[in-house]
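So the structure is just underneath, and the comments pick up after that.
2 protein chains.
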Amino acid sequence: MKFPDIAEVARRSGVPASTLRFYEDKGLIMSAGRRGLRRLFEPAVFERLALITLARASGFTLEEIARMFSPDGRVRIDRQMLSAKADELDRTIRRLRAMRDGLRHAAVCRAPSHLECPTFRRLLAAAAKGVIRAPGSAARKRRR
Amino acid sequence: MKFPDIAEVARRSGVPASTLRFYEDKGLIMSAGRRGLRRLFEPAVFERLALITLARASGFTLEEIARMFSPDGRVRIDRQMLSAKADELDRTIRRLRAMRDGLRHAAVCRAPSHLECPTFRRLLAAAAKGVIRAPGSAARKRRR
DNA sequence: TTACGACTTCAAGTCAACTTGAGGTCAAGG
DNA sequence: CCTTGACCTCAAGTTGACTTGAAGTCGTAA
Numbered sequence: 330m331k332f333p334d335i336a337e338v339a340r341r342s343g344v345p346a347s348t349l350r351f352y353e354d355k356g357l358i359m360s361a362g363r364r365g366l367r368r369l370f371e372p373a374v375f376e377r378l379a380l381i382t383l384a385r386a387s388g389f390t391l392e393e394i395a396r397m398f399s400p401d402g403r404v405r406i407d408r409q410m411l412s413a414k415a416d417e418l419d420r421t422i423r424r425l426r427a428m429r430d431g432l433r434h435a436a437v438c439r440a441p442s443h444l445e446c447p448t449f450r451r452l453l454a455a456a457a458k459g460v461i462r463a464p465g466s467a468a469r470k471r472r473r
Numbered sequence: 330m331k332f333p334d335i336a337e338v339a340r341r342s343g344v345p346a347s348t349l350r351f352y353e354d355k356g357l358i359m360s361a362g363r364r365g366l367r368r369l370f371e372p373a374v375f376e377r378l379a380l381i382t383l384a385r386a387s388g389f390t391l392e393e394i395a396r397m398f399s400p401d402g403r404v405r406i407d408r409q410m411l412s413a414k415a416d417e418l419d420r421t422i423r424r425l426r427a428m429r430d431g432l433r434h435a436a437v438c439r440a441p442s443h444l445e446c447p448t449f450r451r452l453l454a455a456a457a458k459g460v461i462r463a464p465g466s467a468a469r470k471r472r473r
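Set out below in structure tokens:
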């Protein structure tokens with residue numbers, strides 16, 4: 330399997346063929362050539378896809394991921410960006426912990442209404458203060 | 330300000346008026362009545378919005394959030410569901426922590442290329458194995 | 001050599017969560 | 001009383017990340 334075709338890449342990476350075409354279209358991956366109409370990929374595409382998957386799972390947009398690669402196709406990771414993203418994940422984790430604790434508490438709380446429970450109210454206060462933001466919002470560009 | 334109008338609620342909650350109408354449409358909040366055409370809200374709507382914001386920030390869909398309220402508008406006491414959600418969040422948190430550590434490491438790693446760094450490669454391997462999922466997917470229902 | 005099925009392209013559809021726009025209503029200040 | 005501007009409704013548009021469908025091409029097994 331020197332040069333896997335799209336089905337092989339899909340099978341081994343778990344990324345659907347339609348997504349692979351989509352990614353190629355977006356410049357995230359490149360096919361090494363064609364046999365007839367059919368794409369052939371370099372084996373290195375698996376690493377590339379793993380990196381894309383990792384980045385996506387870390388909250389990077391495809392746009393941002395595309396900027397992680399130089400035009401020549403090599404990885405060009407900006408340490409500053411990585412740190413920023415790690416910080417963002419930290420904030421997300423804190424958020425999720427708060428929510429988890431809130432749920433956990435709500436599940437056992439005997440207060441007549443959760444809204445009357447001090448623990449729950451503390452969480453809500455944090456949310457109301459805007460400490461807490463929707464996921465992805467920090468990474469998203471302001472439009473307009 | 331016994332019964333704030335939509336502008337007041339928007340101002341004090343930080344949630345845009347268009348979103349408040351949208352939420353009402355989706356049954357996530359309810360207006361207490363109208364003055365002419367204009368909605369008036371109970372002050373309790375702020376708490377409700379805080380809860381919605383918190384849940385959204387934790388990766389819950391509006392659909393799921395809607396199910397967190399009983400038809401009467403109170404927080405539902407389905408302890409089983411709450412616990413399940415909490416467990417789900419725990420898994421997500423673990424995932425994000427791993428990711429954050431990986432990013433943190435990559436940001437300071439001296440390896441000539443991240444692809445040559447053992448720590449990074451370990452993460453990539455995990456990503457390739459499908460251990461890692463896109464954000465939100467943990468809380469989201471599988472379609473199809 | 002022919003049939004088949006796996007690939008191809010390109011446009012359009014989907015989904016969540018909103019936002020925007022057109023056209024309408026109406027309470028309050030001048 | 002009349003204007004004004006903030007509110008209203010409802011439909012359609014937006015964004016990101018894909019998926020689906022129709023129509024076409026072509027490598028390979030029989």
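Quick mapping for you: the protein sequence lines, in order, are chains A and B. Counting along the first sequence from 1, when you hit position 78 you're at 407 in this note's numbering, and nothing is skipped either side. Counting along the second sequence from 1, when you hit position 21 you're at 350 in this note's numbering, and nothing is skipped either side. Cβ coordinates follow ideal geometry from the N, Cα and C atoms, glycine included.
Residues of chain A with a Cβ closer than 7 Å to the Cβ of T390 (chain B) do not exist, since the nearest Cβ in that chain sits about 11 Å away.
DSSP, read as helix, strand or coil, puts R403 (chain A) in coil. In this model, V344 (chain A) and S360 (chain B) are separated by some 45 Å (Cα to Cα). Taking a cut-off of 8 Å for Cβ pairs, the segment 424 to 435 of chain B and the segment 397 to 416 of chain A touch, as three or more such pairs fall below it.
Listed along chain A are S387, L411, S412, K414, A415, L418, each with a C-beta nearer than 8 Å to that of L432 (chain B).
For R363 (chain A), the enclosing beta strand (DSSP E) stretches over residues 362 to 364. Taken in chain order, the complete alpha helix (DSSP H) segments of 4 or more residues contained in the segment 337 to 389 of chain A are 346 to 354, 374 to 386.
Within a 10 Å sphere around the beta-carbon of L366 (chain B) sit fewer than 16 other beta-carbons, which makes this residue exposed. In its own chain, leaving out the 5 sequence neighbours on each side, no residue places its CB closer than 7 Å to the CB of A386 (chain B). Taking C-beta atoms under 8 Å as the contact rule, L357 (chain A) and I394 (chain A) qualify, at a distance of about 6 Å. CA-CA distance, H443 (chain A) to I422 (chain A), rounds to 23 Å. Residues of chain A with a Cβ closer than 7 Å to the Cβ of L369 (chain B) do not exist; the shortest Cβ-Cβ separation is about 20 Å.
According to the DSSP assignment, E417 (chain A) belongs to the alpha helix (DSSP H) that extends over 408 to 437. At a cut-off of 8 Å between beta-carbon atoms, R396 (chain A) makes no contact with chain B.
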